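Presented below is the structure to which this report refers.
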Amino acid sequence: MRHAAVALLCCLAVLAACRGRAAAPTPAAGQFSAAAASLGEAELTQLRADQPRATVLISPLSFEAALAMLSLGARGDTAANLRSGLRFEANGLTLPAAADAFANLHANLTASPDVVLNLADGAWVDRRVALKPAFAAAQSGPFAAKIADADFANPATLGEINGFVSDATKGKIPTILSQLKPADRLVLINALYFKGAWATPFETTATAAMPFTTAVGQVILVQTMQRAGKYSYFETPALQSVALRYKDPRFELVLLLMKDPKAAPPAGWITALAPANYHERQGYVAFPKLDLTWDGDLMSSLSAVGLATALGPHADYGGVAAASLSVGQVIHKTRLVVDEAGAEGAAATAVVMETTALRTPPQATFTFKADRPFWLLLRERTTGAPIFVGYVASPNG
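Position one of the sequence shown corresponds to residue 3 (this note's numbering), numbered consecutively onward.
Structure below.
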């Protein structure tokens, strides 16, 4: 009995030690992350082209996941366009392989004991439409999606969809849709919530009002955090970047400041900001406390960066249902709050389907002072998963 008890205690100890460890990511999880990062950069560039002096905050991981859910019902040229436009093809993924890659990535990202990262997927199907079994199985399988048969004519359905998003984002995004139109038949949802504390917090007593020149040239006073210490730092003749680690060091917030205030980052900047390019350096960092929100319909911008066929009126989603369906909206909402303790953020994406119709050598010290517009990237380091990416025209969104 004693040996059995000892063996049981050893097993419990091993289980306790393993609990909370991140699932090992497969190479495909990194491929999915790279695809999301590539599409995210293209989207940010496109959205900034439409409003170059406005703050933009998006979650590539969220809308890549929502569109990957949709892709498993696509056929013919529509499937080919999604594989290309979602950057899966460029990263060696088929559409089914991308779904499995997301499942592995999901397990990896959500297993941290020190950072909260929740991902929730759902599919609401109007009672006038029956999902094809293979499509339904894919939603409840790799995407672990909640599937709900609903009456879209009943106002309670809209409340259920918004309630799902609000619960999944801890209330940070209370609503994703304002209405369900008469033609709507299917809503695919991805909701994301992140909360992480800095490995080394900023002292609240050091926070002070400092000038910040916004993208429109207005000088405002903003509460600015500041600290001297060791940071992961990267610099080129064109830019400087600092990476701020969370308690789980796999996660970090990367800040990017162009030396020419009128310049934008070069193409491929997310890839160029690879962790291997950063060196531990002693320096001083100052950047504003942030409370950023963004929302919009991504239909036109996603079409412009490679998804015109998949989001067009003649797309073939014959694998979704017997009914003829096309994408009517891709609603995306984000919120990110950064303060002395860490960061809390949320994102949600709703795909609504309707009836058709080179490294820099380390130096002794550096100063990184974000007192003008800058770029940010909140990512997981081992897979490169882009949780948030944005351009901060003004710290207050």
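Heads up, the beta-carbon is just placed ideally off N, CA and C, and yes, glycines get one too.
If you're wondering where the values come from, they're calculated on a predicted model, not measured in any experiment.
Residue environment, residue i, which counts as buried when at least 16 other CB atoms sit within 10 Å
{"i": "V221", "result": "exposed"}
{"i": "A170", "result": "buried"}
{"i": "H108", "result": "buried"}
{"i": "P388", "result": "buried"}
{"i": "A230", "result": "exposed"}
{"i": "F166", "result": "buried"}
{"i": "T226", "result": "buried"}
{"i": "N110", "result": "buried"}
{"i": "P364", "result": "Residue confidence is low: P364 scores 44 on pLDDT, short of 50, so the model does not pin down where it sits. Its coordinate-derived value is still stated next. Label assigned to P364: exposed."}
{"i": "P397", "result": "buried"}
{"i": "N156", "result": "exposed"}
{"i": "L10", "result": "For L10, the predicted model reports a pLDDT of 33, less than 50, meaning its position is unreliable; a value from the coordinates is still stated below. Looking at its Cβ environment, which holds fewer than 16 other Cβ atoms inside 10 Å, L10 is exposed."}
{"i": "A51", "result": "exposed"}
{"i": "P144", "result": "buried"}
{"i": "P239", "result": "exposed"}
{"i": "R55", "result": "exposed"}
Proximity below 9 angstroms, CB of residue i to CB of residue j
{"i": "F193", "j": "T351", "result": "The amino acid at residue 193 is misidentified as Phe; the sequence shows Ala. Contact: yes."}
{"i": "A39", "j": "T273", "result": "yes"}
{"i": "F370", "j": "F289", "result": "yes"}
{"i": "F204", "j": "V117", "result": "no"}
{"i": "S61", "j": "F390", "result": "yes"}
{"i": "V131", "j": "I163", "result": "no"}
{"i": "S234", "j": "Y280", "result": "yes"}
{"i": "F154", "j": "L182", "result": "yes"}
{"i": "A68", "j": "I149", "result": "no"}
{"i": "G285", "j": "L49", "result": "no"}
{"i": "V329", "j": "M301", "result": "yes"}
{"i": "W126", "j": "G344", "result": "no"}
{"i": "E43", "j": "W271", "result": "yes"}
{"i": "R374", "j": "L259", "result": "yes"}
{"i": "A395", "j": "V218", "result": "yes"}
{"i": "A136", "j": "G321", "result": "yes"}
{"i": "T384", "j": "P27", "result": "yes"}
{"i": "G314", "j": "S303", "result": "no"}
{"i": "T206", "j": "E342", "result": "yes"}
{"i": "I175", "j": "T311", "result": "no"}
{"i": "E356", "j": "A185", "result": "yes"}
{"i": "L59", "j": "L294", "result": "yes"}
Which residues DSSP lists as bridging residue i, in chain order
{"i": "F166", "result": "DSSP, once it has assigned bridges, lists no residue as partnering F166."}
{"i": "R337", "result": "T295, A348"}
{"i": "M212", "result": "V224"}
{"i": "E254", "result": "R247, R381"}
{"i": "V218", "result": "Its beta-bridge partners do not exist; DSSP assigns none."}
{"i": "I191", "result": "G124, A352"}
{"i": "Q242", "result": "E237, L259"}
{"i": "T367", "result": "Q284"}
{"i": "I149", "result": "A125"}
{"i": "L111", "result": "Answer by DSSP bridge pairing: none, since L111 is not bridged."}
{"i": "P184", "result": "Looking at the DSSP assignment, P184 forms no beta bridge with any residue, so it has no partner."}
Whole-number beta carbon distance between residue j and residue i, since they are thought to touch under 8 angstroms
{"i": "R283", "j": "F368", "result": "6 angstroms"}
{"i": "L84", "j": "L97", "result": "7 angstroms"}
{"i": "G124", "j": "A147", "result": "5 angstroms"}
{"i": "G386", "j": "S35", "result": "4 angstroms"}
{"i": "D128", "j": "R187", "result": "5 angstroms"}
{"i": "Q33", "j": "A101", "result": "In fact, because the Cβ distance is near 12 angstroms, the residues do not count as touching under 8 angstroms."}
{"i": "L88", "j": "E66", "result": "6 angstroms"}
{"i": "K249", "j": "G198", "result": "7 angstroms"}
{"i": "K261", "j": "Q242", "result": "7 angstroms"}
{"i": "K317", "j": "T80", "result": "Sequence check: residue 317 is Ala here, not Lys. Contact flag correct, Cβ pair sits at about 4 angstroms."}
Cβ-heavy atom distance, residue i to the ligand COA, below 8 angstroms
{"i": "D293", "result": "Absence of the ligand COA from the depicted structure is noted, as is the absence of any ligand whatsoever, leaving it without description."}
Residue-level contact to chain C via CB, residue i, 9 angstroms cutoff
{"i": "D153", "result": "Here chain C cannot be found, since the structure has a single protein chain."}
### Task
Write down every uninterrupted run of the beta strand (DSSP E) in the segment 281–318 whose length is 3 residues or greater and which is fully enclosed by it, in chain order.
Listed in chain order, the complete beta strand (DSSP E) runs (minimum 3 residues) inside the segment 281–318 are 281–290, 292–299.
### Message
Please give me, in chain order, every unbroken run of the beta strand (DSSP E) with length at least 3 that falls completely inside the segment 30–101.
### Response
Within the segment 30–101, the complete beta strand (DSSP E) runs of at least 3 residues are 58–60.
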